[in-house]
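Participant: One structure, pasted below without further comment.
Number of protein chains: 2
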Amino acid sequence: MKDGPDISRIAALIGDPARASILTALLSGRAPSAGELACEAGIAPATASGHLAQLTEAGLIWPHKQGRHRYFALAGDEVASALETLSGLAAAKGHLRSRPGPRDAALREIRVCYDHMAGARAVAIFDSLAARGYLTVTREDVAPTDRGAAFFAGLGIPLPRTGPGRRPLCRACLDWSERRSHLAGALGAALLTRCLEADWLRRPARGRHLHLTPAGAQALAEAFPT
Amino acid sequence: MKDGPDISRIAALIGDPARASILTALLSGRAPSAGELACEAGIAPATASGHLAQLTEAGLIWPHKQGRHRYFALAGDEVASALETLSGLAAAKGHLRSRPGPRDAALREIRVCYDHMAGARAVAIFDSLAARGYLTVTREDVAPTDRGAAFFAGLGIPLPRTGPGRRPLCRACLDWSERRSHLAGALGAALLTRCLEADWLRRPARGRHLHLTPAGAQALAEAFPT
DNA sequence: GAAACCCTTCGGTCGGGGCCGAAACACCGG
DNA sequence: CCGGTGTTTCGGCCCCGACCGAAGGGTTTC
Numbered sequence: 001m002k003d004g005p006d007i008s009r010i011a012a013l014i015g016d017p018a019r020a021s022i023l024t025a026l027l028s029g030r031a032p033s034a035g036e037l038a039c040e041a042g043i044a045p046a047t048a049s050g051h052l053a054q055l056t057e058a059g060l061i062w063p064h065k066q067g068r069h070r071y072f073a074l075a076g077d078e079v080a081s082a083l084e085t086l087s088g089l090a091a092a093k094g095h096l097r098s099r100p101g102p103r104d105a106a107l108r109e110i111r112v113c114y115d116h117m118a119g120a121r122a123v124a125i126f127d128s129l130a131a132r133g134y135l136t137v138t139r140e141d142v143a144p145t146d147r148g149a150a151f152f153a154g155l156g157i158p159l160p161r162t163g164p165g166r167r168p169l170c171r172a173c174l175d176w177s178e179r180r181s182h183l184a185g186a187l188g189a190a191l192l193t194r195c196l197e198a199d200w201l202r203r204p205a206r207g208r209h210l211h212l213t214p215a216g217a218q219a220l221a222e223a224f225p226t
Numbered sequence: 001m002k003d004g005p006d007i008s009r010i011a012a013l014i015g016d017p018a019r020a021s022i023l024t025a026l027l028s029g030r031a032p033s034a035g036e037l038a039c040e041a042g043i044a045p046a047t048a049s050g051h052l053a054q055l056t057e058a059g060l061i062w063p064h065k066q067g068r069h070r071y072f073a074l075a076g077d078e079v080a081s082a083l084e085t086l087s088g089l090a091a092a093k094g095h096l097r098s099r100p101g102p103r104d105a106a107l108r109e110i111r112v113c114y115d116h117m118a119g120a121r122a123v124a125i126f127d128s129l130a131a132r133g134y135l136t137v138t139r140e141d142v143a144p145t146d147r148g149a150a151f152f153a154g155l156g157i158p159l160p161r162t163g164p165g166r167r168p169l170c171r172a173c174l175d176w177s178e179r180r181s182h183l184a185g186a187l188g189a190a191l192l193t194r195c196l197e198a199d200w201l202r203r204p205a206r207g208r209h210l211h212l213t214p215a216g217a218q219a220l221a222e223a224f225p226t
């Protein structure tokens with residue numbers, strides 16, 4: 001009914017919570033893969049694929065295919081500036097993210113992030129590893145030390161193989177509830193797998209929750225002292 | 001899933017076509033009533049009322065009650081700037097409004113706007129009135145001259161009464177298809193009523209279209225020469 | 001007080017679109 | 001050629017929310 005550019009089409013794209021999560025994740029300047037973005041938004045890869053297709057077709061993001069992966073970045077600074085302007089407006093009007101609810105508390109404690117652990121407990125594990133010299137943590141990179149490799153072997157986790165075309169061994173993933181890093185990458189995935197297999201953690205049929213068993217609480221406290 | 005302001009809530013508000021129409025209408029700086037905004041967005045008053053409540057609660061617009069009417073304005077320049085930024089982004093990405101279709105052409109020629117005429121024909125009438133000195137048009141106001149009053153009386157349209165609490169006699173309404181003003185207000189409404197009653201125009205049961213009868217085409221051409 | 005007018009609330013309908021699981025498709029390494 | 005992995009397509013479910021008609025407050029004019 002109005003002339004001019006169709007403001008509602010683009011606003012509707014940003015208006016979906018999952019797509020907004022994707023866009024704000026891209027606002028950091030990184031170029032994550034489709035799967036990582038799905039994890040970030042808390043949705044299944046299939047759903048994320050649909051969202052990414054919409055955003056790509058609208059010209060808001062640019063895909064960059066490389067091997068099996070597809071990495072995404074914001075299409076330009078015009079997009080970034082529009083997102084920032086909206087953020088400023090939202091902040092000015094006092095519309096903050098959902099305040100913590102009852103089940104939100106459990107999520108903040110421990111949950112699945114893609115294929116590794118996240119939440120307060122995961123951050124504590126990361127800190128413990130770093131404090132005892134099992135990980136070398138730089139601004140850009142995370143790697144296990146020799147002593148760290150031995151420590152993981154003692155937990156029944158041999159270091160996953162590394163190489164070109166394979167998944168990075170370690171990554172630092174920013175935890176949204178803690179605003180600090182937890183362990184991601186192939187090693188983070190192996191750690192979660194080990195915890196599930198040892199029945200330290202159980203994952204419900206649905207959702208991102210993780211249930212910490214009593215045995216798991218004790219084992220994790222011993223393995224990762226503060 | 002992310003911290004920070006909830007960008008998606010506000011974007012979702014702007015993302016609905018009806019609400020976007022309302023907001024862009026307010027972007028002109030006018031303060032239309034709820035009914036006018038409903039007309040602008042092409043929705044029923046009941047629906048518009050719901051949208052306006054949402055926008056008000058979100059702090060994007062400010063209501064101003066006056067008598068039976070409720071007028072609305074944008075809540076501030078932050079809102080306006082966010083809308084403009086989105087417009088710019090939409091334009092840059094080539095997302096224009098629906099391209100003119102077959103029935104869109106008819107709408108651009110002549111249509112109903114609330115309770116008066118709009119479109120190319122309505123703009124031509126407005127220009128004709130102004131050119132012949134029947135209307136005094138200032139930047140802020142429109143008013144009929146004495147000669148204009150006589151002219152309208154000759155058409156069978158006595159000047160509607162004016163006064164406090166009553167509808168403004170004349171208003172200039174910006175035409176979206178022509179980007180110029182047409183005659184609104186009580187006088188504009190009376191003109192449309194006269195045209196319908198003289199069977200110069202017919203309005204279908206639904207939609208904003210107006211059908212110009214042959215007699216109407218002749219009568220309007222005589223009454224409002226270019 | 002009655003009537004006209006503007007706006008809102010309420011109930012109910014309905015369509016769009018987000019979501020997931022499963023399967024198909026691409027790509028890599030062996 | 002064959003598993004492992006990342007991504008997309010497909011089919012179907014389901015819920016949110018936009019929409020309208022009708023009825024109910026408020027307000028102004030006669």
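Chains as they are written, first to last, in the UniProt record's numbering: chain A, 1 to 226; chain B, 1 to 226.
For glycine and all other residues, C-beta sits at the position ideal for the given N, C-alpha and C.
If you're wondering where the values come from, they're calculated on a predicted model, not measured in any experiment.
#1: By how many angstroms is the C-alpha of residue 117(A) removed from the C-alpha of residue 218(A)?
#2: Would you grab the beta carbon distance between residue 86(B) and residue 78(A) for me? Rounded to a whole angstrom, and I think it's under 8 angstroms.
#3: If residue 226(A) and residue 128(A) are in contact, beta carbons under 8 angstroms, what's the gap, nearest whole angstrom?
#4: Return helix, strand or coil for residue 227(A), following the three-state DSSP convention.
#5: Determine the contact status of residue 111(B) and residue 55(B), defining contact as a CB-CB distance below 8 angstroms.
#6: List, in chain order, every chain A residue whose beta-carbon is nearer than 8 angstroms to that of residue 57(B).
#7: Jot down the residue ranges of each uninterrupted alpha helix (DSSP H) in the UniProt domain "HTH arsR-type" (1-94) of chain B, minimum 4 residues, whole runs only, in chain order.
#8: Residue 109(A) touches chain B at which residues, Cβ-Cβ below 8 angstroms?
#9: Ordered along the chain, which non-local residues of its own chain (more than five positions away) have a Cβ less than 8 angstroms from that of residue 62(B)?
#10: What is the DSSP secondary structure of residue 191(B), reduced to helix, strand or coil?
#11: With distances taken between CB atoms, is the gap from residue 156(A) to residue 135(A) smaller than 8 angstroms?
#12: Are the CB atoms of residue 40(B) and residue 14(B) nearer to each other than 8 angstroms?
#13: Any Cβ of chain B within less than 8 angstroms of the Cβ of residue 26(A)?
#14: Would residue 61(A) count as contacting chain B if we go by Cβ distances under 8 angstroms?
#15: Could you tell me the alpha carbon to alpha carbon distance between residue 126(B) and residue 183(B), rounded to whole angstroms?
#16: Per DSSP, which residues does residue 144(A) bridge with? Please list them.
#17: Who are the neighbours of residue 22(B) on chain A, taking C-beta pairs under 9 angstroms?
#18: Given a cut-off of 8 angstroms on the beta-carbon distance, is the pair residue 10(A) and residue 48(A) in contact?
#19: How should residue 65(A) be labelled, buried or exposed, when 16 other C-beta atoms within 10 angstroms of its C-beta is the threshold for buried?
#20: Excluding the 5 residues flanking residue 202(A) on each side, which residues of the same chain have their C-beta closer than 6 angstroms to its C-beta?
#21: Considering only the alpha carbon of each residue, which of 53(B), 32(B), 17(B) lies closest to residue 43(B)?
#22: What's the C-alpha gap between residue 200(A) and residue 12(B)?
#23: Need the endpoints of the beta strand (DSSP E) that residue 118(A) sits in, please.
#24: Am I right that residue 70(B) and residue 34(B) are in contact with their C-beta atoms under 8 angstroms? What's the rounded C-beta distance?
#25: Does residue 157(B) have its Cβ less than 8 angstroms from a Cβ in chain A?
#26: From residue 198(B) to residue 45(B), what does the alpha carbon distance come to, in whole angstroms?
#27: In whole angstroms, what separates the C-alpha of residue 205(A) from that of residue 32(A)?
Facilitator: Quick answer:
#1: Looking at the two C-alpha atoms, the distance is approximately 17 angstroms.
#2: Their Cβ separation, rounded to whole angstroms, is 11 angstroms, which puts residue 86(B) and residue 78(A) out of contact at 8 angstroms.
#3: Indeed they touch by this definition, with Cβ atoms about 6 angstroms apart.
#4: No statement about residue 227(A) is possible, as the shown extent of chain A runs from 1 to 226 and does not include it.
#5: No, they are not a contact pair.
#6: Within 8 angstroms Cβ-Cβ: nothing; residue 57(B) doesn't reach chain A, min ~10 angstroms.
#7: Taking 4 residues as the minimum length, the alpha helix (DSSP H) runs contained wholly in the UniProt domain "HTH arsR-type" (1-94) of chain B are 7-15, 17-26, 34-41, 45-57, 77-92, in order along the chain.
#8: Those within 8 angstroms of residue 109(A) in chain B number zero; the least Cβ separation is about 16 angstroms.
#9: The residues 56, 72, 73, 74, 75, in chain order, have a CB closer than 8 angstroms to that of residue 62(B) in the same chain once the five nearest residues on each side in sequence are set aside.
#10: The answer is helix: DSSP assigns residue 191(B) an H, G or I state.
#11: No.
#12: A distance of 8 angstroms or more separates the beta carbons of residue 40(B) and residue 14(B).
#13: Judged by the 8 angstroms Cβ criterion, residue 26(A) is not in contact with chain B.
#14: No, no contact with chain B.
#15: Straight-line Cα distance between these residues: approximately 6 angstroms.
#16: When DSSP reads this structure, residue 144(A) sits in a beta bridge with 135(A).
#17: The contacting residues do not exist; residue 22(B) stays about 10 angstroms from chain A at best.
#18: Not closer than 8 angstroms, so no.
#19: Burial state of residue 65(A) is exposed, judged by a 10 Å Cβ sphere holding fewer than 16 other Cβ atoms.
#20: Excluding residues within five positions, the ones whose Cβ falls inside 6 angstroms are 211.
#21: Checked all of 53(B), 32(B), 17(B); the closest Cα to residue 43(B) is 17(B).
#22: About 41 angstroms.
#23: In this chain, the beta strand (DSSP E) harbouring residue 118(A) covers 116-118.
#24: Indeed, because the Cβ distance is near 5 angstroms, the residues count as touching under 8 angstroms.
#25: For residue 157(B), the closest Cβ of chain A is not nearer than 8 angstroms.
#26: Taking the straight line from one Cα to the other gives about 28 angstroms.
#27: Note that residue 205(A) has pLDDT 49, beneath the 50 cutoff, so the model's placement of it is unreliable and no number is given.
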